[in-house]
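A.B. asks: Numbering (the numbering used here), first residue to last: 18 to 344.
C-beta: ideal position from N, C-alpha, C; glycine also.
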Ligand SMILES: [Mn+2]
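Right under this line is the structure:
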């Protein structure tokens with residue numbers, strides 16, 4: 018069992034002052050546009066044009082800011098803490114021409130993210146928005162680092178559709194084809210739709226290491242994900258890793274507030290255990306994102322918003338572990 022870690026006093030103090038002052042921010046970090054000295058900068062991208070149902074993923078960034086007060090304020094079960102003074106909330110990014118096609122909006126957002134990345138030496142964590150977000154986020158970071166990124170993709174769906182128009186189910190195909198994603202070193206977890214899909218894009222999807230939802234349940238029972246995490250490390254090595262987390266990876270009982278809530282998904286125990294084990298693997302996590310959260314569909318206790326805030330914290334923690342140590 019993980020040890021209960023000491024509360025980081027600074028973190029707790031900051032969270033408390035925000036609870037009383039009702040000033041909400043991602044991970045309870047400072048809201049600032051000055052990224053100098055920040056290790057991690059979070060951004061909201063309230064972009065939902067790629068979502069045909071358009072149920073309101075654009076409201077997720079501000080909802081997660083509110084939930085961050087309760088769900089991003091301590092680091093249990095991790096044994097250490099990132100320094101909150103080195104984290105920032107860089108605000109929301111919007112396409113400059115919101116009525117344009119999804120493709121053009123995302124190219125515009127990609128340029129904005131690249132411009133932010135060029136400002137200072139930080140690693141980014143995003144909250145969407147729908148799952149077209151990686152066309153802006155992952156692609157911008159890959160271009161910035163001039164490397165393909167190995168992806169840890171948490172999702173009910175493989176998102177590897179090959180269509181003329183991009184939508185929330187196409188990024189794994191398109192960004193692998195364009196070289197932003199390193200398909201041969203990428204993993205998909207908790208997939209439970211279109212697992213056995215045949216078609217012309219099979220040659221791409223065959224390269225991903227797919228662990229469907231039954232494989233994940235079995236891996237937790239067998240050894241608490243030890244072998245799975247060992248395989249992730251063996252395959253990926255020191256390559257840069259991007260974490261793309263669709264909240265529908267969670268079972269509908271845990272995360273009802275998403276476009277297509279699906280049963281037999283991840284429990285919160287499975288996701289927490291997997292992140293804890295991944296945190297010991299020495300992966301070079303360069304950033305990530307949480308997508309497909311629809312606050313208007315959440316239960317009154319804000320179950321899904323809370324989980325999304327917690328997963329952002331987990332991604333930020335793994336990213337922090339991979340940073341070169343500053344002295
Ligand atoms: Mn997805």
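According to the neighbour-count rule (16 or more other Cβ atoms, all chains shown, within 10 Å of its Cβ), is residue 296 buried or exposed?
C.D. replies: Residue 296 comes out buried.
A.B. asks: For residue 113 and residue 129, I'd like the C-alpha separation in whole angstroms.
C.D. replies: When rounded, the distance between both Cα atoms is 10 angstroms.
A.B. asks: May I ask you to check if the CB of residue 50 is nearer than 7 angstroms to at least one heavy atom of ligand 1?
C.D. replies: No - ligand 1 has no heavy atom lying nearer than 7 angstroms to the Cβ of residue 50.
A.B. asks: Run the CB neighbour count on residue 194, radius 10 Å, all protein chains shown included, and call it buried at 16 or more, exposed below.
C.D. replies: Exposed: under 16 other Cβ atoms inside 10 Å.
A.B. asks: Under 8 angstroms by Cβ, that's how I've got residue 250 and residue 298 pegged, so tell me the actual separation to the nearest angstrom.
C.D. replies: With a Cβ gap of about 5 angstroms, residue 250 and residue 298 count as contacting.
A.B. asks: Using the beta-carbon count (16 or more within 10 Å), is residue 255 buried or exposed?
C.D. replies: Exposed.
A.B. asks: Report the option in 284, 56, 294, 227 whose CA atom is closest to the CA atom of residue 141.
C.D. replies: Closest option to residue 141, Cα to Cα, is 56.
A.B. asks: Would you mind working out which of 342, 105, 332 sits nearest residue 95, comparing C-alpha positions?
C.D. replies: If we check each option's Cα against that of residue 95, 332 comes out closest.
A.B. asks: Ignore the nearest five residues each way along the sequence and tell me which others in residue 212's own chain have a CB closer than 8 angstroms to its CB.
C.D. replies: 175, 227, 229, listed in sequence order.
A.B. asks: With 16 other CB atoms within 10 Å as the buried threshold, where does residue 292 fall?
C.D. replies: Its Cβ being crowded by 16 or more others within 10 Å, residue 292 is buried.
A.B. asks: Return the chain-ordered ranges of every beta strand (DSSP E) run that is complete within the stretch 179 to 255 and spans a minimum of 3 residues.
C.D. replies: Listed in chain order, the complete beta strand (DSSP E) runs (minimum 3 residues) inside the stretch 179 to 255 are 204 to 208, 226 to 229.
A.B. asks: Excluding the five sequence neighbours on either side, which residues of its own chain have a C-beta within less than 6 angstroms of the C-beta of residue 60, listed in chain order?
C.D. replies: Excluding positions up to five away in sequence, the list reads 107, 110, 143.
A.B. asks: Provide the residue span of the alpha helix (DSSP H) that contains residue 161, from first to last.
C.D. replies: Counting along the chain, the alpha helix (DSSP H) containing residue 161 begins and ends at 154 to 162.
A.B. asks: Alpha carbons only, please: which of 303, 98, 118 is nearest the one belonging to residue 44?
C.D. replies: Residue 98 is the option with its Cα nearest to residue 44.
A.B. asks: Among 158, 290, 279, whose alpha-carbon lies nearest the alpha-carbon of residue 172?
C.D. replies: It is 279.
A.B. asks: Would you identify the three-state DSSP class for residue 173, choosing helix, strand or coil?
C.D. replies: Note: residue 173 maps to coil in three-state DSSP.
A.B. asks: So what does DSSP say about residue 316, is it helix, strand or coil?
C.D. replies: Here residue 316 sits in coil by DSSP.
A.B. asks: Can you find the residues in the same chain that come closer than 6 angstroms, C-beta to C-beta, to residue 83, ignoring five residues on each side of it along the sequence?
C.D. replies: Closer than 6 angstroms at the Cβ level, and outside the excluded window around residue 83, lie 41.
A.B. asks: What are the boundary residues of the beta strand (DSSP E) that residue 58 is part of?
C.D. replies: Where residue 58 is concerned, the enclosing beta strand (DSSP E) stretches over 57 to 61.
A.B. asks: Using CA coordinates, which residue listed in 305, 319, 274, 315 is at the minimum distance from residue 328?
C.D. replies: That would be 305, whose Cα lies nearest to the Cα of residue 328.
A.B. asks: Would you call residue 342 buried or exposed, if buried means 16 or more other Cβ atoms sit within 10 Å of its Cβ?
C.D. replies: Under this definition residue 342 is an exposed residue.
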